[in-house]
Amino acid sequence: MAESIEESHFRTIDVLRSSNEWHFIQPSLPNIRKKRSIFHHRKLARDPEVRHVVQQVGFKRAKRGFRNFEQKSAQSEDLFPPMESPTDPLYPYQWYLKNTGQWGGKPNLDLNVEKAWALGYTGKNVTTAIMDDGVDYMHPDLKDNFNVAASYDFSGNDPYPYPRYTDDWFNSHGTRCAGEIAAIRGNGVCGVGVAYNSKIAGIRMLDQPYMTDLIEANSMSHEPNLIDIYSASWGPTDDGRTVDGPRNATMRAIVKGVNEGRHGLGNIFVWASGDGGEDDDCNCDGYASSMWTISINSAINNGENAHYDESCSSTLASTFSNGGKNRETGVTTTDLYGQCTKSHSGTSAAAPEAAGVFALALEANPKLTWRDLQHLTVLTSNRNSLFDGRCREIVDLRIPGVRKMHRSSRDVSEFI
């Protein structure tokens, strides 16, 4: 049926691997229209083989990176076998992997991954999909860990999720997130990924003027038995005025992923909670607040929460990102043109760190379900008061028995 309609009118793409849902594209029309295409809508609706027609409407999605510093680029120690730290040239800058107190940080306040590495867990046989603006899969620190079979470009409808280069490096976002997870260890390039023997898949889906429900849905349902973890460092605009979330097809894709992905164990959807600070609330973000995702916030190198963090009950844990007083406290990772950066930032940088930790966990126990990982995130994280980075004084409400606080704090779990 779809083939006969395609021959008459359109080019087709299947939806959610369904046998009776199709996305029809009219090649002669521009990608973006200000008005609905009433003629083509009616033409499809009149076809006797078509039961229901919905025209896709574009909407905004924003990458979650707060701001670059530069334009470019409780167990006994003897339980763990000794292991040398990575020799990658920028590893000393990766304070969130090994915090020795450098640049004013709090010693040992890090992801604690060296102990997992010492036990032999490095992410082997786990694939994380970077749903973003593309991945530079030719980068020397990424190419050997790139999973070609699990990758796709939904912005351009081809199998090559390579970023579109721009003079302002705007499409470096996905490549930076990928390096945090799977940058190769010991090759003399950049730093090292949290799960440096895991695989990454590139799903290019953010590089078009407007998002559509079907682009999101197809991205989140792409190869669910090859991909274990989907990492998203984007969402509705963090402007304090936008209330938005997954539309119909996207919600169905997420629910199908947690119920059927990974051969029934469920795909893991990791989401950056947002960078709107006190002017926004991630409860209004339907992706971060979804019961099927794991929402991740940011802490800085001394234990304070980042000043761009949003507050909401759905945040399960915090990893680490920029926001410290020193310029060297950004996140070090891969960048475009085979280069490296020390200035990746925002909750965009925090979510891939969590995805890397989950890759280590799935190597240790491949039978963990999506719900197991949600529980383990809370149960194994250290509860730590992440003090407000602005250190503002809370107004004394003069309530009997309530004293005036000089620093506000929020209890948020933290991977330690």
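Sequential numbering from 1 applies to the sequence shown in the UniProt record's numbering. Just so you know, even glycine gets a beta-carbon here, dropped at the ideal spot from N, CA and C.
1. Among Asp144, Met131 and Leu379, which has the Cα closest to the Cα of Asp153?
2. So, are the CB atoms of Ile181 and Ala355 less than 8 angstroms apart?
3. The ligand FMN and Thr377: does the residue's C-beta get closer than 7 angstroms to at least one heavy atom of that ligand?
4. Between Ile254 and the rest of its own chain, which residues show a CB-CB distance below 8 angstroms, the 5 nearest in sequence each way excluded?
5. I'd like to check one pair, Asp309 with Asn297: are the Cβ atoms closer than 8 angstroms?
6. Val395 by DSSP, collapsed to three states: which one?
7. Indicate the three-state DSSP secondary structure (helix, strand or coil) for residue 453 in the structure shown.
8. On the three-pair Cβ rule with 8 angstroms, is the region 325 to 343 touching the region 139 to 148?
9. Hey, which unbroken runs of the beta strand (DSSP E) at 3 residues or more fall wholly within the region 229 to 308?
10. I need the boundaries of the beta strand (DSSP E) containing Ser348, first residue and last residue.
11. Which residues in the same chain as Phe170 place their Cβ atom closer than 8 angstroms to its Cβ, once the five residues preceding and following it in sequence are excluded?
12. Where does the unbroken beta strand (DSSP E) through Asp372 begin, and where does it stop?
13. Report yes or no: do three or more beta-carbon pairs, one from the region 309 to 321 and one from the region 276 to 284, lie closer than 8 angstroms?
14. Assuming Leu265 contacts Ala149 (C-beta within less than 8 angstroms), just tell me the rounded distance between them.
15. Three Cβ pairs or more, each shorter than 8 angstroms: is that satisfied between the region 84 to 92 and the region 154 to 161?
16. Tell me the DSSP bridge mates of Val331?
17. Can you tell me where the alpha helix (DSSP H) holding Gly179 begins and where it ends?
18. Let me confirm a value: Glu70 is counted as buried when at least 16 other C-beta atoms fall within 10 Å, else exposed. Which label applies?
19. Taking buried to mean at least 16 other C-beta atoms within 10 Å of its own C-beta, is Asn197 buried or exposed?
20. Nearest by alpha-carbon distance to Ser345: which of Gly174, Lys124 and Asn108 is it?
21. What are the residues that DSSP puts in a beta bridge with Ala129?
22. Closer than 8 angstroms by C-beta to Lys106: which residues in its own chain qualify, once you throw out the five before and the five after it? Chain order, please.
23. Determine whether the beta carbon atoms of Asp207 and Ser155 lie at a separation below 8 angstroms.
24. Does DSSP put Ile144 in a helix, in a strand, or in coil?
25. Alpha helix (DSSP H) containing Asn109: first to last residue?
Based on what the coordinates show:
1. As a working mapping, residue 153 is identified with position 153 in the sequence shown. It is Met131.
2. Here residue 181 corresponds to residue number 181 of the sequence shown, with the count starting at 1. Here residue 355 corresponds to residue number 355 of the sequence shown, with the count starting at 1. Yes, they are a contact pair.
3. This structure lacks the ligand FMN, and indeed carries no ligand of any kind.
4. The residue given as residue 254 occupies position 254 in the sequence shown. For Ile254, where only same-chain residues beyond five positions count, the Cβ hits under 8 angstroms are Met220, Pro246, Phe269, Ser290, Trp292 and Thr293.
5. Within the sequence shown, residue 297 is the residue found at index 297, counting from 1. Within the sequence shown, residue 309 is the residue found at index 309, counting from 1. Contact: yes.
6. Indexing the sequence shown from 1 puts residue 395 at position 395. Interpretation of Val395 is limited by its pLDDT of 39, a score under 50 that renders its predicted location unreliable; no figure is taken from the coordinates.
7. A question about residue 453 goes unanswered here, because the residues of the chain that appear run from 1 up to 416.
8. yes
9. 229 to 232, 268 to 272 and 293 to 299
10. By one-based count along the sequence shown, residue 348 stands at place 348. Looking at the DSSP string, Ser348 is not in any beta strand (DSSP E); the run it does join, the alpha helix (DSSP H), is Gly346 to Ala364.
11. Within the sequence shown, numbered from 1, the residue matching residue 170 stands at position 170. Once the five neighbours on either side are set aside, the close Cβ partners of Phe170 are Asp133.
12. On the sequence shown, position 372 is the one that residue 372 refers to. Where Asp372 is concerned, there is no enclosing beta strand (DSSP E), although the alpha helix (DSSP H) it sits in stretches over Trp370 to Thr380.
13. yes
14. Here residue 265 refers to the residue found at position 265 of the sequence shown. Here residue 149 refers to the residue found at position 149 of the sequence shown. Incorrect: roughly 19 angstroms between the Cβ atoms, too far for contact.
15. no
16. Position 331 of the sequence shown holds residue 331. His344, per the DSSP bridge assignment.
17. Against the sequence shown, residue 179 aligns to sequence position 179. Run containing Gly179: His173 to Ala182, per the alpha helix (DSSP H) assignment.
18. Working through the sequence shown from its first residue, we reach residue 70 at position 70. Residue placement at Glu70 is poorly supported in this model, since its pLDDT is 43, which falls under 50; the coordinates still yield a value, given next. Classification of Glu70: exposed, given that the 10 Å Cβ count is below 16.
19. Along the sequence shown, read from residue 1 onward, the residue named residue 197 stands at position 197. Burial call: buried.
20. As a first step, residue 345 must be located in the sequence shown, where it is residue number 345. The residue with the shortest Cα to Cα distance from Ser345 is Gly174.
21. Taking the sequence shown and counting its residues from 1, one reaches residue 129 at position 129. In the DSSP output, where bridge partners are listed per residue, Ala129 has Ala201 and Tyr230.
22. Your numbering for residue 106 matches position 106 in the sequence shown. Hits under 8 angstroms: Asn99, Asn301, Asn302 and Gly303.
23. The residue you call residue 207 lines up with position 207 of the sequence shown. The residue you call residue 155 lines up with position 155 of the sequence shown. Their beta carbons are under 8 angstroms apart, which means Asp207 touches Ser155 by this criterion.
24. Counting from 1 along the sequence shown, the entry for residue 144 is found at position 144. According to the sequence displayed, residue 144 carries Asp and not Ile. Helix, per DSSP.
25. Taking the first residue of the sequence shown as 1, we reach residue 109 at position 109. Here residue 109 is Leu; the residue named in the question, Asn, does not match the sequence. Counting along the chain, Leu109 falls outside any alpha helix (DSSP H), and DSSP gives it neither H nor E.
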